[in-house]
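If you read the sequence shown in the working numbering, its first letter stands for residue 16, the second for the next number, and so on.
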Amino acid sequence: MKKRFFAVMTLTLLAVMFTFVIGSAASALVRGVGSPGDLVVDTADLLTDEEEAYLRSKLSEVGSRHNCDIVVLTIAERGDQTKEQIADDYYDYNGYSPNGMLLLYCVNPRGYHISTKGTCYEAVSYRDLDRFDAALVDKFINERFYSAFVDYANICDEVMSNYENPETVDKGSALGVTGAVAAGVGALTGAIGTGSMKSKLRSVEKKETAADYMKRDSLNIVDSNEIYLYSNVIRTPIQRYEEHRDSGGGAGGHISSSGATHGGGGRDF
16 MKKRFFAVMT LTLLAVMFTF VIGSAASALV RGVGSPGDLV VDTADLLTDE EEAYLRSKLS
76 EVGSRHNCDI VVLTIAERGD QTKEQIADDY YDYNGYSPNG MLLLYCVNPR GYHISTKGTC
136 YEAVSYRDLD RFDAALVDKF INERFYSAFV DYANICDEVM SNYENPETVD KGSALGVTGA
196 VAAGVGALTG AIGTGSMKSK LRSVEKKETA ADYMKRDSLN IVDSNEIYLY SNVIRTPIQR
256 YEEHRDSGGG AGGHISSSGA THGGGGRDF
């Protein structure tokens with residue numbers, strides 16, 4: 016009886032210790048992996064020291080321009096947590112600004128998630144998430160991580176600039192309409208001019224078939240066959256947010272474990 020009691024107690028103690036270790040590892044992933052407020056936390060070691068230094072400077076420059084924190088976090092594995100949970104919690108618990116955006120890249124299983132907060136949450140639309148997806152995924156697949164992270168920083172800069180200066184976007188649209196009208200007028204003018212020139216051309220007559228343009232007896236085909244070889248069609252579904260939602264900000268809104276409002280999105284691939 017005593018042996019059974021001690022065996023049960025030992026198993027219980029081991030279970031408690033295992034839970035504590037797993038909990039500590041998960042907590043370490045969210046808290047204290049990098050320095051508080053660090054903009055580049057490359058725990059998966061995907062970047063060289065030089066790339067990391069330049070990227071940190073780039074993210075700092077973009078963040079300073081828009082009064083927010085733009086962050087990159089890489090991890091080797093995500094354990095039992097979702098990428099959304101890790102991205103949200105890492106941002107919430109590591110000393111970042113109330114306004115910001117974090118790109119999480121996970122090696123196994125491979126995928127990414129962008130978490131937005133504050134003004135960045137208000138700025139990022141579903142169309143913007145599509146822009147991020149189009150820019151990042153191919154480079155992630157080809158392991159061009161540094162280039163992908165720089166693209167992320169540049170798109171963040173553009174998105175926040177458009178959010179802060181919506182009149183520039185409107186002006187751009189107006190210029191687009193004006194340009195289309197000007198192009199239409201130019202095409203019409205050109206068509207009228209060439210039509211007039213064509214009507215004066217009498218030395219060339221239209222032929223009904225291609226054979227009419229061929230010199231007699233210059234080509235003699237004895238036999239011919241049309242052979243179908245093969246086809247190979249590969250279809251890859253691409254996540255598209257804009258098909259079902261408008262272009263306003265606040266994309267992917269939800270509440271994180273800290274009670275803060277976050278947005279964003281991502282996927283495995």
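C-beta: ideal position from N, C-alpha, C; glycine also. For clarity, every value in this text was computed on a predicted model and none was experimentally measured.
Discussion item. Quick check on the burial criterion: 16 or more other C-beta atoms within 10 angstroms. Buried or exposed for Arg93?
Written reply: buried
Worksheet item: If you scan the stretch 38-124 from start to end, which runs of the beta strand (DSSP E) of 3 or more residues do you find wholly inside it?
Response: 55-57, 84-92 and 115-123
Worksheet item: Should Asn109 be labelled buried (16 or more other beta-carbon atoms within 10 Å of its own) or exposed?
Response: buried
Fill in: Rounded C-alpha distance that separates Arg142 from Glu65
32 Å
Worksheet item: For Arg159, which three-state DSSP category applies?
Response: coil
Worksheet item: What is the rounded straight-line gap between the Cα of Ser272 and the Cα of Leu74?
Response: 26 Å
Worksheet item: How long is the line joining the alpha carbons of Ser103 and Ser130, rounded to whole angstroms?
Response: Note that residue 103 corresponds to Asp in the displayed sequence, not to Ser. Those two C-alpha atoms are separated by around 6 Å.
Practice prompt. Quick one: residues in its chain with C-beta nearer than 8 Å to the C-beta of Met175, no 5 flanking neighbours on either side, listed in chain order?
Written response: Val77, Arg80, His81, Cys83, Thr134, Cys135 and Ala138
Practice prompt. Within its chain, find whatever has a CB closer than 7 Å to the CB of Tyr106; leave out the 5 residues flanking it on each side and keep chain order.
Written response: Val86, Gly115, Leu117, Ser130 and Lys132
Worksheet item: With which residues is Gly133 paired in a DSSP beta bridge?
Response: According to DSSP, Gly133 bridges with nothing at all.
Worksheet item: Which first and last residues belong to the beta strand (DSSP E) in which Gly279 is found?
Response: Thr276 to Asp283
Fill in: Cross-strand partners of Gly1 (DSSP beta bridge)
Here the chain covers residues 16 to 284 and nothing more, so residue 1 does not appear.
Worksheet item: Taking Thr276 as the reference, which of Gly265, Arg282, Phe284 and Asp283 has the closest Cα?
Response: Gly265
Item to complete: Drop a sphere of 10 angstroms on the beta-carbon of Ile156, count the other beta-carbons inside from all chains shown, and report buried for 16 or more, exposed for fewer.
Response: exposed
Fill in: Status (buried if at least 16 other CB within 10 Å, exposed otherwise) for Ala168
buried
Worksheet item: Quick one: Cα of Gly281 to Cα of His128, how far?
Response: 4 Å
Discussion item. Give me the residue from Asp153, Leu144, Lys154 and Phe160 with the minimum Cα distance to Glu173.
Written reply: Leu144
Worksheet entry | Thr112 versus Arg159 - alpha carbon distance | First, the residue type needs correcting, since residue 112 is Ser and not Thr in the sequence shown. Computed Cα separation, rounded: 28 Å.
Fill in: Among Pro181, Ala68 and Thr63, nearest to Leu54 - alpha-carbon criterion
Ala68
Worksheet item: Of all the options Val152, Tyr178 and Gly274, which has the alpha carbon lying nearest to the alpha carbon of Asp166?
Response: Val152
Discussion item. Which residues does DSSP list as the beta-bridge partners of Ile270?
Written reply: Thr276
Discussion item. So Arg125 and Asp283 are supposed to be a Cβ contact under 8 Å. How far apart are they, rounded?
Written reply: 6 Å
Worksheet item: Hey, does Val55 have any beta-carbon neighbour from chain B nearer than 8 Å?
Response: No chain B is present in this structure, which holds just one protein chain.
Discussion item. Can you find the residues in the same chain that come closer than 7 Å, C-beta to C-beta, to Cys171, ignoring five residues on each side of it along the sequence?
Written reply: Val77, Ile85 and Met116
Practice prompt. Kindly indicate which three-state DSSP category Ser140 falls into: helix, strand or coil?
Written response: coil
Item to complete: Look at the Cβ atom of Cys121, then the Cβ atom of Lys154, and state whether they are nearer than 8 Å.
Response: no
Worksheet item: Hey, would you say Tyr161 sits closer than 8 Å to Leu88, going by beta carbons?
Response: no
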